[in-house]
Amino acid sequence: MSLAHFEGYLSLLSVRFLLNGTPLTKGKREVQSKTKMGRGFGRGSRVAIVTHAQVKSAGKKVPRGLRGTRQIKRRRFQMKHDEQRKLEESLGMEKTPERKVEKTLAQQVASVQFAHVVNKRQKGLRQLRRQIIAGVRDLRRRYAEKRRRQTLRRARNSS
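This is the structure we're talking about:
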């Protein structure tokens, strides 16, 4: 078989592959790797996995540990390049941030969140009590530290 004949045969195979939408390797996934790291397991490696369902838009497989950071980066990029927001800024229509009123210690204690839910049949009251006490202690400690810092700041400013 001549070289021209062989190239024609290969192009015919690739056309048949594209028309049918199925990979030439039947039953197995065809893997085209851009890095030599297997199927995308490893920090930062991307691998195009082509199945019969993904021939038109073969996506990149991202390792599980990087999926969240990729979403955060995408959101950050979209916020930076948001045309509507840029237009509003240029027209001076920015939203003024409202000042948050500081909650009192009693309000903060009342809004303590705890993960444990007591089931009727379980004896989980001790665990629930410990979680609430730990939450209140944490709040009171933070509150005391904040007050201590404020008094130190006032003392420095007055002298």
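In the UniProt record's numbering, the protein residues as written are 1 to 159. All C-beta atoms, glycine included, are put in the ideal place defined by N, C-alpha and C. In this text, all values refer to a predicted model and were calculated from it rather than measured experimentally.
Where residue i sits in the DSSP three-state scheme
i: M93; result: coil
i: R153; result: helix
i: G135; result: helix
i: Q113; result: coil
i: S158; result: helix
i: K146; result: helix
i: K100; result: coil
i: G124; result: coil
Same chain only: Cβ atoms within 6 Å of residue i, ignoring 5 sequence neighbours per side
i: Y143; result: L105
Beta-carbon gap between residue i and residue j smaller than 8 Å
i: I132; j: F114; result: yes
i: E94; j: E88; result: yes
Same chain, Cβ closer than 8 Å to residue i, five either side skipped, listed in chain order
i: L139; result: L105, Q108, V109 and V112
Own chain residues within Cβ distance below 7 Å of residue i, not counting five before or after
i: S159; result: none
i: S90; result: none
Is there contact between the stretch 71-88 and the stretch 97-112, where contact requires at least three CB pairs shorter than 8 Å? no
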